[in-house]
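Remarks on the structure that follows.
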Amino acid sequence: MCVEATPPPPRRLTRRGVLAGAAALAGTVAAARSAAAADGGTASAASGRHPSPTASRRGSLVIEGGTLLDPATGDVTENAVVVIEDGTVRAVGRRGGVTVPRNAETLDAHGRWVLPGLVDAHIHLSTAAEARDAVRQGATSARSGSTTFFQDIAVRELARHSPDLAPRLTAAGVFVTPDLGETVLADPDLTPLARLKDGVRSAEALRRVVQVNLARGADVIKTRVNERAGLPEQDPLAQVYSHEQLSEIVAAARRGGKGVLCHSYSEQGCHDAVTAGIRSLEHGAFVGERTLHEMRRRGTYFTPTLTAIAGLAESADPVLAERGRTYLPVLERAVLAAHGMGVPLAAGTDSSGGTVRPIGREVELMRAAGLPALDAIRTATTGAARLLGLERTVGRLARGFTGDAVILDGDPLADVALLKKPARVVRAGIPL
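Residue numbers for the sequence shown follow my numbering, so the first one is 302 and each next one is one higher.
The structure is reproduced here in structure tokens:
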């Protein structure tokens, strides 16, 4: 059975309502305020009220005395000074070569290393508590791997309103998957899909889910080509979408100016996803050489989520534990091969379900897979920033970049594990 070709409601009409509903699910009224602002302030105007002039908080701060690492160049500056004004880096350099504003708030970083805030390129943030945990562990920017009821869109708005409470987030909305489950209740325009006998598989149904996501303001589209590794009853090598179906999803996303990230495991599934035109391959444990070459040619990113696969090996479920032990070394070899071929890599933890793993753990696992320390750090800074389209503002502490930083107790080039527990985190010039 097909879905009626009824277009989603106009974006202006639906965006406010979805943000407000997602705000409740995420446990934050701040996002609801952002929803009103996203509607052009008409509600405030109608009631005689005006949006608060302090709706978006940005800090001014001077980080001084630390050893600064620029992941883009590998340059190390001792006794460095970073001047952040209104959430943006205004000056960087060695002490004595940078003018420090009078009466500026300072953060003493003597004896410590200073790096740009980290990027978690695959994370599921469904609550305000999860968003807060992520940013305090150093993930000052992130890309959502989807949520069930558009909570990530509310988290994105929360971050814009109160950056100290959440990472800057690229939201994926809801998953384009054959079985939507409870997600059919995320929006009235999805409910007709519940009566499809074979699930979301027809071209029309696939387009519908993408269109609803675009109407609700999603920044990227998330889909899958294989079943899940984290459910013992599923076979992660079983393919759920064909090349043609993936191409339909990619085409629908591109019409809205968006890219697609794709959950994948099997070599055939990875190859079908990449040749269908996805922007990034997620997990990809069994990705093969032919697909890696294709990824290099196309500029397709690889987000291996080593943290999630390593976590399976620690599971109390024997099926999942064995799966993790089997998949992790295979994935490590794929990561090293991808790096050697020049496939762009991005770090992502695939955190979900209330447990937020530090993005520094993913960097540690990239290093364990064989990447040099600086290249491992780049997967969570400059590399991931490019994937998110934020390479001009995120991933470095340079003039004009965002004032996000992590302060470490030692040299990450000697021990990347230091990234798992930053001594301090700065988000948009606000020390946390």
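No residue lacks a Cβ here, since even glycine has one placed at the ideal position from N, Cα and C. The model shown is predicted, which means the values in this text are computed figures rather than measured ones.
Taking the runs of the beta strand (DSSP E) that are 3 residues or longer, which of them lie wholly in the region 474-555? 522-525
Starting from Gly423, trace the alpha helix (DSSP H) both ways and give me its first and last residue. Note that residue 423 is His in the sequence shown, not Gly. Counting along the chain, His423 falls outside any alpha helix (DSSP H), though it belongs to the beta strand (DSSP E) covering 419-424.
Quick one: using the 10 Å Cβ neighbour count with 16 as the cut-off for buried, is Gly655 buried or exposed? exposed
Euclidean distance between Cα positions of Ile660 and Ala681: 8 Å
Spatially closest choice to Gly558 from Val588, Asp573, Asp520, Leu582, by CA coordinates: Asp520
Going by the CB atoms, is the gap between Arg697 and Pro417 shorter than 9 Å? yes
Could you pull the DSSP bridge partners for Cys563 from this structure? Thr524, Leu582
Within 10 angstroms of the Cβ of Val401, are there 16 or more other Cβ atoms? Answer buried if so, exposed if not. exposed
Bridge partners of Asp409, per DSSP? Glu365
Quick check on the DSSP output: the beta strand (DSSP E) that includes Glu379 runs from which residue to which? 377-386
Would you say the region 683-701 touches the region 408-427, given that touching needs at least three Cβ pairs under 8 Å? yes
What residues in its chain sit with their C-beta under 6 Å from that of Gly578, if we drop five residues either side in the sequence? Val551
Pull the bridge partners of Val707 from the DSSP assignment, please. Leu416, Val726
Whole angstroms is fine: what's the gap from Asn380's alpha carbon to Arg395's? 6 Å
Cβ-Cβ distance between Leu593 and Leu562 below 9 Å: no
Gly394 lies in the beta strand (DSSP E); which residues open and close that run? 389-395
Kindly indicate which three-state DSSP category Thr656 falls into: helix, strand or coil? strand
Length of the line joining the Cα atoms of Ala622 and Arg391: 48 Å
Spatial neighbours of Glu528 within its chain, please: C-beta separation below 7 Å, excluding the five flanking residues on both sides. Gln535, Asp536, Pro537, Ala539, Val541
Going by CA-CA distance only, name the one from Ala574, Thr492, Val501, Thr606 that's closest to Arg591. Ala574
Own chain, CB closer than 7 Å to Ala325, minus 5 neighbours either side, in chain order: Note on Ala325: pLDDT 44, under 50, position unreliable in the model; no value is reported.
Minimum C-alpha distance to Pro587 - residue among Ala611, Gly612, Val620, Pro630: Looking at the sequence shown, residue 587 is not Pro but Phe. Nearest of Ala611, Gly612, Val620, Pro630 to Phe587, Cα basis: Pro630.
For Val377, count neighbouring C-beta atoms within 10 Å of its own C-beta (all shown protein chains included) and say buried if the count is 16 or more, exposed if not. exposed
Hey, Ile678 and Val695 are a contact pair by Cβ (cut 8 Å); roughly how many whole angstroms apart? About 14 Å separates the two Cβ atoms, so there is no contact after all.
Unbroken alpha helix (DSSP H) runs of length 4 or more, entirely within the region 666-713: which are they? 674-679, 683-688
By DSSP, does Ala617 sit in helix, in strand, or in coil? coil
Leu733 - DSSP class collapsed to helix/strand/coil: coil
Which residues mark the beginning and the end of the alpha helix (DSSP H) in which Leu470 is found? Per DSSP, Leu470 belongs to no alpha helix (DSSP H); it is in the beta strand (DSSP E), 469-471.
Looking at the secondary structure, which residues open and close the alpha helix (DSSP H) in which Arg599 lies? 590-599
Going by beta-carbon coordinates alone, are Asn514 and Val485 separated by less than 9 Å? no
Have a look at the DSSP bridge pairing and note the partners of Ser447. According to DSSP, Ser447 bridges with nothing at all.
How would you call Asp480, buried or exposed, if buried means at least 16 neighbouring beta carbons within 10 angstroms? exposed
Quick one: what's got a C-beta closer than 8 Å to Glu615's C-beta in the same chain, skipping five residues either side? Ala622, Gly625
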